[in-house]
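Enquirer:
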Amino acid sequence: MHLNGAMSEGRGLILVAEDEPAIADIERLYLSQAGYGVHVERDGAAGLAAIRSLRPVAVILDVGLPSMDGIEICRALRESGDWTPVIFVTARDDEVDRILGLELGADDYLAKPFSPRELVARVRGILRRQEGPPTSAPSTLDGVTLDPGRRLVTSNGRDVALTSTEFDLLAKLMSAPGHVLSREQLLSSVWGQVDYGSGRTVDVHVAQLRAKLGNPNPIRTVRGVGYSAGS
Ligand code: CA
Numbered sequence: 053m054h055l056n057g058a059m060s061e062g063r064g065l066i067l068v069a070e071d072e073p074a075i076a077d078i079e080r081l082y083l084s085q086a087g088y089g090v091h092v093e094r095d096g097a098a099g100l101a102a103i104r105s106l107r108p109v110a111v112i113l114d115v116g117l118p119s120m121d122g123i124e125i126c127r128a129l130r131e132s133g134d135w136t137p138v139i140f141v142t143a144r145d146d147e148v149d150r151i152l153g154l155e156l157g158a159d160d161y162l163a164k165p166f167s168p169r170e171l172v173a174r175v176r177g178i179l180r181r182q183e184g185p186p187t188s189a190p191s192t193l194d195g196v197t198l199d200p201g202r203r204l205v206t207s208n209g210r211d212v213a214l215t216s217t218e219f220d221l222l223a224k225l226m227s228a229p230g231h232v233l234s235r236e237q238l239l240s241s242v243w244g245q246v247d248y249g250s251g252r253t254v255d256v257h258v259a260q261l262r263a264k265l266g267n268p269n270p271i272r273t274v275r276g277v278g279y280s281a282g283s
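Position 103 of the sequence shown, counted from 1, bears residue number 155 in this note's numbering, the numbering being contiguous throughout.
Pasting the structure below:
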């Protein structure tokens, strides 16, 4: 257990679950330089316990960890209603497929080797989006109500728990009803400047969002172009 730097600075505490000391050290270094407090755990079960006791503002999860892997940690958090933003760090491409396919409610992922600056950019991006734009009034479309100020979504009268990425995607679409947004526009507006190279990330998150919202919901696929909310 490494407690130095665990006292959160102004930007909040980030919990890192990573069993490779060299990678954990780099993550700690760059995140602390960016003004975050950092707490590192090398073991999965200890990581989950630390997330629950320390309540970090975001979690960076290595997939392969002793005692409990990153996927199990994320699933345990989501099942207990904990929607702390999670960024997965993966060692192999097939791990990315697994994370996306399992609909774990991950907010983002980075493949090893990654640039530490990129990691910091992703963390900043997620936390900035969570703070959100100046609050606007709740809006309702096709049975779905989104409250940007409280970051709450209800679908047909039922509360829906969304990841911060899913929330921002829905908020972006609902901010301009009937306006078609391309995958590239959604990537740049929801995920930031990062070049993901593919619209597949958008498609996967839209599919998860639709599954959570149920029917009816306002999201329309505009074939060959992208997505819109409402017709
Ligand atoms: Ca590992």
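C-beta: ideal position from N, C-alpha, C; glycine also.
Nothing here was measured: the structure is a model prediction, and the numbers come from that model.
Do residue 171 and residue 82 have their C-beta atoms within less than 9 Å of each other?
Expert: Contact flag set, yes.
Enquirer: Cα-Cα, which of 136, 75 and 158 is closest to residue 66?
Expert: Measuring from the Cα of residue 66, the nearest candidate turns out to be 136.
Enquirer: Buried or exposed, going by whether 16 or more other CB atoms sit within 10 Å of the CB of residue 253?
Expert: Label assigned to residue 253: buried.
Enquirer: What does the Cβ neighbour count give for residue 85, buried or exposed, with the cut at 16 atoms within 10 Å?
Expert: With fewer than 16 Cβ atoms within 10 Å of its Cβ, residue 85 is classed as exposed.
Enquirer: Could you tell me the distance, in whole angstroms, from the CA atom of residue 268 to the CA atom of residue 209?
Expert: Going from the Cα of residue 268 to the Cα of residue 209 covers about 12 Å.
Enquirer: Write down every uninterrupted run of the alpha helix (DSSP H) in the stretch 69-150 whose length is 4 residues or greater and which is fully enclosed by it, in chain order.
Expert: Runs found: 73-85, 96-106 and 122-131.
Enquirer: Could you tell me the alpha carbon to alpha carbon distance between residue 203 and residue 111, rounded to whole angstroms?
Expert: Those two C-alpha atoms are separated by around 19 Å.
Enquirer: Give me, in chain order, the residues of the same chain whose beta-carbon lies closer than 7 Å to that of residue 127; leave out the 5 immediate sequence neighbours on both sides.
Expert: For residue 127, where only same-chain residues beyond five positions count, the Cβ hits under 7 Å are 156.
Enquirer: Only counting the same chain, and skipping five residues up and downstream in sequence, which positions put a Cβ closer than 6 Å to that of residue 168?
Expert: These residues qualify, in order along the chain: 78 and 82.
Enquirer: Using the beta carbon as the reference atom, which residues fall closer than 6 Å to any heavy atom of ligand 1, ordered along the chain?
Expert: The set, ordered by position in the chain, is 71, 72, 114, 116 and 117.
Enquirer: Please give me, in chain order, every unbroken run of the alpha helix (DSSP H) with length at least 4 that falls completely inside the stretch 151-196.
Expert: Correct list: 168-183.
Enquirer: Quick check: the Cα distance between residue 63 and residue 108, rounded to an integer number of angstroms?
Expert: Distance between the alpha carbons of residue 63 and residue 108 is about 11 Å.
Enquirer: Do residue 258 and residue 271 have their C-beta atoms closer together than 9 Å?
Expert: Contact flag set, yes.
Enquirer: According to DSSP, is residue 253 part of a helix, a strand, or is it coil?
Expert: Residue state, collapsed to three classes: helix.
Enquirer: If I measure Cβ to Cβ from residue 275 and keep anything under 8 Å in the same chain, skipping five residues before and after, which residues do I get?
Expert: Excluding positions up to five away in sequence, the list is empty.
Enquirer: What is the DSSP secondary structure of residue 212, counted as helix, strand or coil?
Expert: Residue 212: strand per DSSP, three-state reduction.
Enquirer: Can you tell me which residues form a DSSP beta bridge with residue 198?
Expert: The partner list for residue 198 (beta bridge, DSSP) reads 191 and 205.
Enquirer: Is the beta carbon of residue 151 sitting closer than 9 Å to the one on residue 123?
Expert: Yes, Cβ-Cβ distance for residue 151 and residue 123 is below 9 Å.
Enquirer: If you check the beta carbons only, do residue 148 and residue 163 fall under 9 Å apart?
Expert: In this structure, residue 163 lies closer than 9 Å to residue 148 by Cβ.
Enquirer: Give the DSSP-derived three-state secondary structure of residue 234 in the structure shown.
Expert: Here residue 234 sits in strand by DSSP.
Enquirer: In three-state terms, what does DSSP make of residue 269?
Expert: In this structure, residue 269 counts as coil in the three-state DSSP scheme.
Enquirer: Cβ atoms of residue 198 and residue 228: under 9 Å apart, would you say?
Expert: Not closer than 9 Å, so no.
Enquirer: For residue 280, list the residues DSSP reports as bridge partners.
Expert: Residue 280 pairs with 272.
Enquirer: If you draw a straight line from the alpha carbon of residue 75 to that of residue 145, how long is it in whole angstroms?
Expert: About 18 Å.
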